[in-house]
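Enquirer: The structure under discussion is supplied below as structure tokens; questions concerning it will follow.
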Amino acid sequence: MPSAKRVLLVDEDEMLRASLAEQLSADGAYEPVEAGTCAEGRRKGLEGLYEFMLLDVSLPDGDGRALARGFREEGVT
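Note that the sequence shown ends on residue 611 in my numbering; no numbers are left out.
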């Protein structure tokens with residue numbers, strides 16, 4: 535089996551984040567990396583490559599759309 539693809543989940547709702555992570559990792563295809571704030575998501579988002587990112591719009595310290603724009607400005611695709 536090929537190695538699991540990393541996925542970044544950024545959401546302040548810990549239960550929702552955990553549920554999404556559980557569903558994504560159920561068949562071993564994805565390896566979720568979780569974050570609860572923009573700052574944590576930004577740090578983890580710059581740590582490596584991800585297959586895709588799920589970013590909440592309303593985070594305690596910012597907006598997921600701004601986080602996505604920041605990633606694009608830094609060359610993260």
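Glycine included, each C-beta is placed from N, C-alpha and C at the ideal position.
Give a yes or no on contact between the segment 562-572 and the segment 542-553, applying the rule of three or more CB pairs nearer than 8 Å.
Expert: Result yes; three or more Cβ-Cβ pairs closer than 8 Å.
Enquirer: Out of PHE586, VAL544 and SER537, which has the shortest C-alpha to C-alpha gap to ASP597?
Expert: By 1-based counting over the sequence shown, the position of residue 597 is 63. Nearest option by C-alpha distance: VAL544.
Enquirer: Taking only three categories from DSSP, how would you classify GLY579?
Expert: Start at 1 with the first residue of the sequence shown, and residue 579 comes out as number 45. The answer is helix: DSSP assigns GLY579 an H, G or I state.
Enquirer: Determine the contact status of GLU546 and LEU593, defining contact as a CB-CB distance below 8 Å.
Expert: Position 12 of the sequence shown, counted from the start, is the residue given in the question as residue 546. Position 59 of the sequence shown, counted from the start, is the residue given in the question as residue 593. Going by C-beta atoms, GLU546 is nearer than 8 Å to LEU593.
Enquirer: Comparing C-alpha positions only, which one of VAL610, PRO536, ALA538 and SER537 sits nearest to GLU581?
Expert: For the purposes of this step, residue 581 is identified with residue 47 of the sequence shown, where counting begins at 1. If we check each option's Cα against that of GLU581, VAL610 comes out closest.
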